[in-house]
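So the structure is just underneath, and the comments pick up after that.
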Amino acid sequence: RKEVEQDPGPFNVPEGATVAFNCTYSNSASQSFFWYRQDCRKEPKLLMSVYSSGNEDGRFTAQLNRASQYISLLIRDSKLSDSATYLCVVRGGTGFQKLVFGTGTRLLVSP
Amino acid sequence: GAVVSQHPSWVICKSGTSVKIECRSLDFQATTMFWYRQFPKQSLMLMATSNEGSKATYEQGVEKDKFLINHASLTLSTLTVTSAHPEDSSFYICSARDRASGTSTDTQYFGPGTRLTVL
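Quick note, the sequences are listed as chains A and B, same order. Just so you know, we're using the numbering used here here: the first sequence kicks off at 1138 and counts up by one. Just so you know, we're using the numbering used here here: the second sequence kicks off at 5 and counts up by one.
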C-alpha cells in the first residue's frame, strides 16, 4: 500500500465551482500534513499546511481526520488559474524527517 | 521568500555520459538538501538526503554509485548521474531546508527542477 494515496483525476470543473480533493495516508503516527500545488513541468509549491482543527486560506480549506487518516482540500469559487496538480504531502519515513508525496490530483478549470 | 536554484534547467545527453546537476540555496544556509526524481504522471520520489559535510543517505532502491551526491558547502549540493541511460530520463528536483529552521521540514524550499533526457 502506498504511504499517501490520492485520486489522480482529472477533475474537470467550470469556473466558480467548488471542488474537493481527498487523500489518505497509511502511517497513523504521521504528524505533519500539507497540500502542495504543482504546475506542469514546474517544481511543487506549498499551498498550505493542514492542521488538526482544520484551516482556511482564502478560497482554500484544508481538513484533517486523524481517526480515518484522511486529508481533504476544498477549493471554492474555482478560477482558471487554479488549474494544476494538487499534491497531498505527509511528513513520514523513518524519524518523520522526510516529505512523502502523493501522486497528485489534477484539476482543470474551464471557462 | 527563500530561493533555491538549480542548474541546468534542462539537459540532453548521450547514453553513457555523466551529468552533474547543481542545487544552490541563494539567501540562506542549508545543512540538509533533498534530491527527488519525478517520472511523468508520477509523484516525487525522494532519492537521497544530502547533509553538508557528510555522506548522503540514499533511499532504498537508489544506487549510490550511480547517483553521486556531494554537499560540500552550506549553499551547494550536486547530483551527478553517472553513465546515464534512457531510463534515467526524468525531472530531478532538489529542495533545501533552512538551517535556521532546525529539524522542521515545514520550511523546505524547492528548486525549479532539471529535466534530463538521455538519448
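Backbone N, C-alpha and C fix where the C-beta goes; we use that ideal spot for every residue, glycine too.
>> Please list, in chain order, the chain A residues whose beta carbon lies closer than 9 Å to that of B/Phe114.
In response: Tyr1173, Glu1180, Pro1181, Lys1182 and Leu1183, listed in chain order.
>> Spatial neighbours of B/Cys17 within its chain, please: C-beta separation below 8 Å, excluding the five flanking residues on both sides.
In response: Apart from sequence neighbours up to five positions away, the residues of its chain that approach B/Cys17 with a beta-carbon distance below 8 Å are Val23, Ala88, Leu120, Thr121, Val122 and Leu123, ordered along the chain.
> Any chance the region 1238-1246 of chain A sits against the region 1143-1163 of chain A, with 3 or more Cβ pairs inside 8 Å?
Replying inline: Touching, yes, given that three or more Cβ pairs across the two stretches are closer than 8 Å.
> When the Cα atoms are used, what is the spatial distance from B/Ala76 to A/Ser1165?
Replying inline: Looking at the two C-alpha atoms, the distance is approximately 36 Å.
> Is it the case that the Cβ atoms of A/Ser1215 and A/Val1246 are separated by a distance below 7 Å?
Replying inline: Their beta carbons are under 7 Å apart, which means A/Ser1215 touches A/Val1246 by this criterion.
> Is the Cβ of A/Gly1239 closer than 7 Å to any Cβ of chain B?
Replying inline: Judged by the 7 Å Cβ criterion, A/Gly1239 is in contact with chain B.
>> Quick check: what's the CA-CA separation for B/Leu30 versus B/Gln10?
In response: If I take the Cα positions, the gap works out to 10 Å.
> Taking the alpha carbon of B/Asp2 as the point to measure from, which residue in B/Val66, B/Thr82 and B/Glu56 has its own alpha carbon closest?
Replying inline: No answer is possible for residue 2 of chain B: the residues shown for chain B start at 5 and end at 123.
> Under a Cβ-count criterion, where at least 16 other Cβ atoms within 10 Å of its own Cβ denotes burial, should B/Ala100 be classed as buried or exposed?
Replying inline: By the 10 Å Cβ count, B/Ala100 comes out buried.
>> Per the DSSP calculation, A/Tyr1162 is bridged to which residue(s)?
In response: Here A/Tyr1162 is bridged, per DSSP, to A/Val1141.
>> I'd like to know whether the C-beta of B/Gly117 is nearer than 7 Å to at least one C-beta of chain A.
In response: It does; some Cβ of chain A falls within 7 Å.
> For B/Thr21, which residues of its own chain have a beta-carbon under 7 Å away from its beta-carbon, when the five flanking residues on both sides are left out?
Replying inline: The residues Ala88, in chain order, have a CB closer than 7 Å to that of B/Thr21 in the same chain once the five nearest residues on each side in sequence are set aside.
>> Residues of chain A with CB closer than 8 Å to the CB of B/Asp93, please, in chain order.
In response: Note that residue 93 of chain B corresponds to Ser in the displayed sequence, not to Asp. Neighbours of B/Ser93 on chain A: none; closest Cβ ~14 Å, over 8 Å.
> Considering only C-alpha positions, which residue in the set B/Thr79, B/Phe43, B/Leu83 and B/Lys59 is nearest to B/Lys70?
Replying inline: Nearest C-alpha to B/Lys70: B/Leu83.
>> Could you check whether the Cβ of B/Val15 sits closer than 7 Å to any Cβ belonging to chain A?
In response: Output row for B/Val15: interface = no.
> Considering only residues of the same chain and omitting the five flanking positions on each side of A/Asn1149, which have a CB-CB separation below 7 Å?
Replying inline: The answer, listed in chain order, is Leu1245 and Ser1247.
>> Please classify A/Gly1229 as buried or exposed, where buried requires at least 16 neighbouring CB atoms within 10 angstroms.
In response: It counts as buried.
> In angstroms, rounded to a whole number, what distance separates the CA positions of A/Arg1178 and B/Ile97?
Replying inline: If I take the Cα positions, the gap works out to 11 Å.
>> What are the residues in the region 68-100 of chain B lying within 7 Å of chain A by C-beta distance?
In response: Against chain A - using a Cβ distance shorter than 7 Å - the residues of the region 68-100 of chain B are Ile97.
> What does B/Ser47 reach in chain A if we use C-beta pairs closer than 9 Å?
Replying inline: Neighbours of B/Ser47 on chain A, chain order: Lys1139, Val1141, Gln1143, Leu1224, Val1237, Phe1238, Gly1239, Thr1240 and Gly1241.
> Which partner residues of A/Gly1229 appear in the DSSP bridge assignment?
Replying inline: DSSP lists A/Lys1235 as partners of A/Gly1229.
> Any idea which residues DSSP pairs A/Ser1247 with across the strands?
Replying inline: Bridge pairing for A/Ser1247: A/Pro1151 [DSSP].
>> Quick check on B/Leu78: does DSSP put it in helix, strand or coil?
In response: In the three-state DSSP reduction, B/Leu78 falls in the coil class, being neither helix nor strand.
> What does B/Leu120 touch in chain A if you count any residue whose Cβ is under 9 Å from its own?
Replying inline: Within chain A, no residue comes near B/Leu120; the closest Cβ sits about 13 Å away, beyond 9 Å.
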